[in-house]
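Asker: Can you read through this structure? Questions will come right after.
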Amino acid sequence: MRPQGLRQVGAGAASTKLGRRRGSGTAGEVTPSRPHGTFRTDRLDPPTVLAMQRTAGNLAVVGLLTRSRRRRPPPRRVQRAPLDPKQDPKGYTQPQGVKNVAGSGTTRRVVTVPGFGVTGGFKAEYTHRKKDAKTGELVEVRTPSAERRMTEQSPDNTAVVVMPDVLDKNRPVRVVLHFHGFGFRGGTDPHAGYAVASGKSKDPAHGALGTVRDVDQEHWSQQIGAVNTARGASGPQTVAVLAQGRGRSEFGKVPTFPYVRAVLDAVPELAGVSDFSLVVSGHSGGGSTQVAGKVADLRDAAPPPASGTAPTRPSDVVVMFDAEGVLSVMSWVVGKVGELAAGLKADPAGGQRLIDESPKFRGYFAEWGGYRTPYVTANRMLKRALATVPDQWTLAGSPGPGTKVEDLFRIVAVPGVRHETVISKTGPATEGALADALTASTSPTSDRAQALPWDAKTVPELKAAKPKKKAPAVQPLAVQRDDPATAPPAPAAVAPKPKATTWKASDAASDYALTTEDTTLLASQTAAERAADRAAFGKRQQDRIVELTKAAKKRALTPEETTELAGLQALRTKVENANRALRRTDVEQILDDAGFTVAGWYGDIQKGSFLGVPARVHKSLAERLTQAETALVGDAAINPDGADAKTLGTTLGMYGTASDLRAPKNAVGGSSLSLHTFGLAVDLNYKGNPFLGNQGKTAPDVVARATSLVNGAAVDVLTDLGDAQASFTALKAANDALKTYFSYREAANRPLLDAKLTGRTAAAGEPADATGWIKVIEQDYVALKDKGDFKKHKPPEEGFLDLDERVVMALVGAGLTWGGTYKTAKDIMHVDLREGDGGKVNKARIKHTDST
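Each residue of the sequence shown is one higher than the last, beginning at 3 in my numbering.
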């Protein structure tokens, strides 16, 4: 690939003459003399730089290229030298770009933004790690790249800007920051990001000479031009920033607002634009590598309004085009719906203002493509979230004109398209999912008719139903990550259905029903007598039974010991029988308050498994576990080989057995009967996911120290960390920090600790040097190992979270509550059902007062 230089335009661009350094003078001794030539510093391609080095010397050239750091002149606009016209016949890489692209009234321009984006050019191959389906170990996978054949253009520090040919700086601007999917594989990826196609590749899937993804495949210019024309002078002008990445949707450093600001400043026509709103969008791999992590930036990182003024920026928008990470983004959407619902309940009179200020979401997927299952799952998450919104602000409760909450958050199936054309759809180039999303960003009711039905089915569900009519056939899609080269077939196609989990009845009514013996026993005692018995049978007495029982196996007990043991055992039996009768009474009362009977509820207990992990739960929870499992098994990005649930579970790191239905007992750390009592909870991967903070502040304090040292900011796990996605992200970072923290105990890793402490200012109460830290780390390790929260769990050096993020998000997506989202201590292994019938039981158990 021909290397590309840099071209500087705007402030600082000039022709410069450089003298030759004499003899052994210092770097500053540059004596004017007759130069060998005059060099244009606005065209810094390799031949020019080499000639300058021969004439002026390396230090002078370095000084020229880095002078902005020393003198801080006005910002310089830098642009890579354009391709040769033979390589770029339409002139896309020329400094001025191309105006009126495809008659759209928009300009397409390539800009270079130093300090942002990828560097080092396209790679020969890209690697990633995945779990081996058989061993469960992480293995490195290498995939060759075709990018260097696909284009002559460099990806370094570049982006494509699409903007109106004539921009009115006095009108608001809506900036679309977009991240593309994979673009490096032969046979599937038409273009290497937004680089100009070389036409050299013999692969028929790759773009023809001079074509670009955004114009010839996705129709960005055509759709933006049409939307801007339709809005006239009444709406915001749309400008797109198309980040140039490489490989597996790698984009380098692209912090949301600083990056957008830098790109706008690199374009003279946009440099003065300050009144803009933001749309963040992603296609395929760009959804997971960028958008999923950026949704929190939309408001938090936005420049605040001037003091005393209200924000004038329109609502922000997130768009996912057949993208990975849609379930993670939907977790953010669910949180926003919850915030909106709470606001509407608290301030009904201000409802329209809350609606107008709310962010928006649109998710588009190829109707019968490989991403159908996660998008349908996301749609179900959205439906459950919307159920909390007051009726007057929903279409179901108040149909008719006016924006409802459903209009703000919507998923749309795009018919008859491939994965690579979901943005452009079919038909005229001016119409497509992009145009639909931009229109909906200012007119959210415009696409009501396109909304995915709430009862839409996933691909595995449709296959299981075996519909008589075949679904519309489309061309194979170019899937992302390690998916097979074609999409899963339409529902009626011949692909075999993965082995699904089956649940069988496992009646437990006899274990929980209040018997005649129970009522007789309780009638024969008073509450005070039972309390006295419990007080008399404390931990000391329990330990004494163990001690005497062990002694009896080694020797004959004395008569006194025999009498003592018999008395203690009788007291234990009396206490246990009374407690069992009391808890059965509680169960009966709770279920009655919730509208159920003991026989009916426990007659619906079922036995089955989740991702190969055995479980015994109520049928309502079994249905949600199956829903989450189906989403994971049917997700082509997660399960590219179409493995069955058990095999996929091994791949995703599931192990052991679930702690599920239990005898009546209060929740750990709680005062009400546990949801496990009713078969409404499971604990997964128990060994590697302790209840953090349940046994006091010891473990949370250690985690706070570890995150402070390793990550530079202490994390308090006893606080509210946000929704499921935010909580998982925070806990995973803290988990990794804890493992790193304890790795400093090894002598081989001491240099890493020294490096971490270099230039670091110790916080209050922290050691000031490595010796002090090693002492504290050792003390922390002793405090956690086999003690407190880590008792019966993996050792602390292995962390406290080994559940796969995708498993957690699928469970949350199925309507379950994850213990990692608790407001205080985090029960990381735990998920439970607090919706539907589970919600009724949960409310009843919380209100209930335990029998005594």
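Note that beta-carbon positions come from the ideal geometry of N, C-alpha and C, so glycine has one too.
Which full runs of the alpha helix (DSSP H) of 4+ residues lie inside the stretch 653-719, going along the chain?
Answerer: 700-713
Asker: According to DSSP, is E142 helix, strand or coil?
Answerer: strand
Asker: In chain order, what residues of the same chain have a beta carbon less than 6 Å from the beta carbon of D722, not counting five sequence neighbours either side?
Answerer: K825
Asker: Between which two residues does the beta strand (DSSP E) containing L835 stretch?
Answerer: For L835, the enclosing beta strand (DSSP E) stretches over residues H832 to L835.
Asker: Go to G365, then tell me how far its beta strand (DSSP E) extends in each direction, as first and last residue.
Answerer: K362 to A368
Asker: With distances taken between CB atoms, is the gap from M831 to L675 smaller than 8 Å?
Answerer: Between M831 and L675, the gap from beta carbon to beta carbon reaches 8 Å or more.
Asker: Quick check: the Cα distance between H678 and D662, rounded to an integer number of angstroms?
Answerer: Cα-Cα distance, rounded: 6 Å.
Asker: Taking just the CA atoms, how far does A325 sit from G790?
Answerer: 42 Å
Asker: Figure out for me which residue from G284, P146 and K171 has the closest Cα to the Cα of A273.
Answerer: K171
Asker: Please report the straight-line C-alpha distance between R586 and P666, rounded to a whole angstrom.
Answerer: R586 and P666 have their C-alpha atoms spaced approximately 7 Å apart.
Asker: Cutting at 6 Å between CB atoms, please list the residues of its own chain near V321, excluding the five before and the five after it.
Answerer: Cβ within range, chain order: S283, R364 and A439.
Asker: Helix, strand or coil: how does DSSP classify S729 here?
Answerer: helix
Asker: Going by beta carbon distance, what residues of the same chain come within less than 7 Å of D834, once the five residues before and after it are set aside?
Answerer: L677, L682, A683, L818 and T819
Asker: Measure how close the beta-carbons of L388 and E408 come, nearest whole angstrom, since I'm counting them as under 8 Å.
Answerer: 6 Å
Asker: Thinking just about the alpha-carbon of each residue, which of T153, K132 and E149 is nearest to the one in V143?
Answerer: K132
Asker: Let me know the beta strand (DSSP E) ranges lying completely inside the stretch 373-445, each 3 residues or longer, listed in chain order.
Answerer: 411-416
Asker: Assuming E563 contacts L550 under a Cβ cut-off of 8 Å, what Cβ separation, rounded to an integer in Å, is found between them?
Answerer: Taking a contact as a CB-CB distance under 8 Å, the pair E563 and L550 counts as one, their CB atoms being some 6 Å apart.
Asker: Answer with buried or exposed for P376, where buried requires no fewer than 16 other C-beta atoms within 10 angstroms of its C-beta.
Answerer: When all chains shown are included, P376 counts as buried.
Asker: Evaluate R42 with the Cβ neighbour count: other Cβ atoms within 10 Å of its Cβ, from every protein chain shown; 16 or more gives buried, anything less gives exposed.
Answerer: In this prediction, R42 scores a pLDDT of 45, lower than 50, which makes its location untrustworthy; no coordinate-derived value is stated.
Asker: Who are G840's beta bridge partners in DSSP?
Answerer: Per DSSP, none; premise fails for G840.
Asker: If you count every other CB in all the chains shown that lies within 10 Å of the CB of R847, and 16 or more means buried, which is it?
Answerer: Burial check for R847: the Cβ neighbour count within 10 Å reaches 16 or more, so the residue is buried.
Asker: Report the CB separation of L169 from Q239 in whole angstroms; it is logged as a contact under 8 Å.
Answerer: Indeed they touch by this definition, with Cβ atoms about 6 Å apart.
Asker: Under the DSSP definition of a beta bridge, which residues are partnered with S611?
Answerer: P616
Asker: Is the CB-CB distance between H795 and P692 below 8 Å?
Answerer: yes
Asker: Please state whether the Cβ-Cβ distance between V265 and V163 is less than 8 Å.
Answerer: yes
Asker: According to DSSP, is E220 part of a helix, a strand, or is it coil?
Answerer: In the structure shown, E220 sits in coil (DSSP, three-state: anything other than H, G, I, E or B).
Asker: Return yes when the C-beta of K541 is under 7 Å from any heavy atom of the ligand SAH, and no when it is not.
Answerer: Although the ligand SAH was asked about, the structure shown includes no ligands whatsoever.
Asker: At which residue ranges does the stretch 235-300 contain complete alpha helix (DSSP H) runs of 4 or more residues, listed in the order of the chain?
Answerer: 258-267
Asker: Take the Cβ of L46 as the centre, count every other Cβ of all protein chains shown within 10 Å, and call the residue buried at 16 or more, exposed below.
Answerer: Only weak support is given to the placement of L46: the predicted model assigns it a pLDDT of 49, under 50, and the value that follows is read from those uncertain coordinates. Its Cβ being crowded by 16 or more others within 10 Å, L46 is buried.
Asker: Suppose the cutoff is 6 Å on Cβ atoms and the five residues either side in sequence are ignored; what does the same chain contact list for A1 look like?
Answerer: Because the chain in this structure spans residues 3 to 854, residue 1 falls outside the shown range and cannot be described.
Asker: Exposed or buried, what is N102 when buried is set at 16 or more other beta-carbons lying within 10 Å of its beta-carbon?
Answerer: exposed
Asker: On the criterion of 16 or more Cβ atoms from any shown chain inside 10 Å, does V843 qualify as buried, or is it exposed?
Answerer: buried
Asker: For K689, which of G399, F792, V262 and T760 has the nearest alpha-carbon?
Answerer: Comparing alpha-carbon positions, the option among G399, F792, V262 and T760 lying closest to K689 turns out to be F792.
Asker: Where V339 and A639 are concerned, what is the direct C-alpha to C-alpha distance, given to the nearest angstrom?
Answerer: Cα-Cα distance, rounded: 27 Å.
Asker: Do the CB positions of G874 and G183 come within less than 8 Å of each other?
Answerer: Because the chain is modelled from 3 through 854, residue 874 falls outside the range shown and cannot be assessed.
Asker: Who are the near neighbours of D299 in its chain, counting only those whose CB is closer than 6 Å to its CB and skipping five residues on each side?
Answerer: T258
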